[in-house]
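Residue numbers (our numbering): 111 to 724.
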């Protein structure tokens, strides 16, 4: 009994196509079916030809048709094993390339991300500056990126300011060993603030200002003994102190003014300390002036509108962030609030015939200030070379007064008008011959004030006590004068409970306010028109305004650059990320191509509608 088998060709396009109806004996084998089919198609039998049954199963050539369930009316597929192997092999290769590309891309992205995250942080450097003023010593710690910018550090204060217990170091002239404990207190604080691995590379500096300048002029042996003790104490610590004579020294008044100017302009972002500020300041082209007043001296520093004709002894040039700045700077020794007050007390005592009870118009009524002859008349700004150089004359005790421990009693009168007049008359000489185009007072050269100014230290302390700087508000000159006059009219009972950052200064604030007004207006020539250029500041950006930061920035020009070697640069990182991302994109392309092959394969083996029909 014969059966009819329909053979459907699914050979490649170059092979025979179509359907072939072949009559076979059920006991014939598959190879016989292939031979008859090839004969019908007029092609030779190839070893690679094969017959596929249901589920694409390849039928062995020796298999009997009946045992392979090939029945009458059955539809089978004629194909080529070489084409199948080649197609399946290509299909597997695509998926292999897809997975391989995906793995390379994913592993690569993870690896470069981990490597980049493990690049060491910036290398930070630290420096310590001690401001050894006439009344106290303060320690500041600064931190900056070791790479610096054009050889100058971009530093900021880190940690709190440490106030050394005790008085200024010049007060220990008779007992230098007494200053060590105060310095140790702050140096111990520095050790807890700076990381241990940075101690040996962190330079420490001490700059002694007007108090030590005066002591050095009066008794150089005592000032040397004080500095020797200072250096010995610092050398007990593990910080970088390789050049003691340079790193702990008396700085000049001009240096102090210059460093204050650097601080003011750095904090106000008026220096070209980074690429962005270089662009902005090219447009702005303005700097900030600096007004500083300590206990024994006062400084004024600014770049005038025309600085080409300044006398050499009133100018200074500094190099910061690759640029040179030439500024006017002058220091008025003996014009700090403490020395000026002692000069006023001496003048009051002399005017009142050296009576032990002295009427003081600047002190509050019902308050008595007690001080010894020695404290007033042995001060270098009252009697001696500095007194003559600064004020033109000495104020000496009569020869019949020999007991230096005798005490004066300065009795307050709360007389604002008399206080202002006495301060102006006894501390400033506005009529002395000026040998320059313009002068401030005492015949000292000063160009016209130009630009904005930061006024700090005592300028800030006094105006803050008078509640003029609350919420950083701007106040007028008239408001300053009126507030001062009102305060100076108060009795001690009205004053003693006023909140004050420095309570012991309450009795002196009337004098200090009048002194500052005279200094600013008749001395430096600020008036109602340019008063708004003054900003009374204590801190900006959490950094104390003073000369210490400027000192550190200037010194940083000499400190070697400290950088981290970045073996995995940002450019390389970006390039590798792009490369490994491309691998992932390629893997997606392989996957899409493989899916199209699956669909094509499915269509190639789809069954005919009469598949399996009898």
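Ideal placement from N, C-alpha and C gives every residue a C-beta, glycine not left out. In this text the structure is predicted, and so the values were computed from the model without any measurement.
Annotated as proximal: residue 339 and residue 289, with beta-carbon spacing under 8 Å. For residue 575, the CB contacts under 6 Å within the same chain, skipping 5 residues up- and downstream, are 610 and 619 in chain order. Going by beta carbons, residue 401 and residue 569 fall inside the 8 Å limit. For the options 685, 702 and 705, the alpha carbon positioned closest to that of residue 219 is the one of 685. In terms of Cα proximity to residue 447, the closest of 409, 703 and 505 is 409. Taken through DSSP and simplified to helix, strand or coil, residue 242 comes out as strand. In terms of Cβ geometry, residue 653 and residue 430 do not form a close pair [threshold 8 Å].
DSSP places residue 376 within a helical segment (H, G or I) once states are collapsed to three.
Residue 452 counts as buried, since at least 16 other C-beta atoms from the protein chains shown sit within 10 angstroms of its C-beta. When the beta-carbon positions are compared, residue 242 and residue 319 come within less than 8 Å of each other. Taking C-beta atoms as the reference points, residue 315 and residue 240 count as a pair closer than 8 Å.
CA-to-CA, the gap between residue 169 and residue 189 works out to about 11 Å. By the C-beta density criterion, residue 547 is exposed, having fewer than 16 other C-beta atoms within 10 angstroms. Contact annotation: residue 456 and residue 505 have beta-carbon atoms nearer than 8 Å.
In the three-state reduction of the DSSP assignment, residue 658 falls in the helix class.
The count of Cβ pairs closer than 8 Å, one atom from the segment 617-632 and one from the segment 433-448, reaches three, so the stretches are in contact. Taking the Cα positions, residue 334 is about 30 Å away from residue 554. In the DSSP assignment, residue 442 falls within the beta strand (DSSP E) that extends over 433-443. Of 309, 481, 434 and 508, the smallest CA-CA separation from residue 493 is found for 508. For residue 519, no alpha helix (DSSP H) run applies; the uninterrupted beta strand (DSSP E) run containing it begins and ends at 517-522, by DSSP.
Here residue 422 is exposed: its Cβ has fewer than 16 other Cβ atoms, across all protein chains shown, within 10 Å. Look at residue 115 here: in three-state DSSP terms it is strand.
Taking residue 217 as reference, the option from 702, 694, 278 and 114 with the minimal CA-CA separation is 694. Cβ-Cβ distances below 8 Å link residue 283 to 325, 329, 332, 333, 335 and 336 in the same chain, with the five nearest sequence neighbours on each side left out; the list follows chain order. The continuous beta strand (DSSP E) containing residue 645 extends over residues 644-646.
In the structure shown, residue 332 adopts helical secondary structure according to DSSP, grouped into three states. For residue 623, the CB contacts under 6 Å within the same chain, skipping 5 residues up- and downstream, are 572 and 594 in chain order. Between the C-alpha atoms of residue 661 and residue 427 there is a straight-line separation of about 14 Å. For residue 644, the number of other beta carbons within 10 angstroms of its own is at least 16, and it is reported as buried.
Within the same chain, Cβ atoms closer than 8 Å to the Cβ of residue 271 are found at 248, 249, 250 and 654, the five residues on either side in sequence being excluded. Under the criterion of beta carbons closer than 8 Å, residue 301 and residue 236 do not qualify as touching, at roughly 11 Å. Residue 508 sits in coil when the DSSP states are folded into three classes, being neither helix nor strand. Here the C-alpha atom of residue 265 lies approximately 10 Å from the C-alpha atom of residue 373. Between the beta-carbon of residue 312 and that of residue 349 there is about 5 Å, and that keeps the pair under the 8 Å contact cut. Pairwise C-beta distances place the segment 583-601 out of contact with the segment 431-438, as fewer than three of them are shorter than 8 Å. Where residue 562 is concerned, there is no enclosing alpha helix (DSSP H), although the beta strand (DSSP E) around it starts and stops at 562-567.
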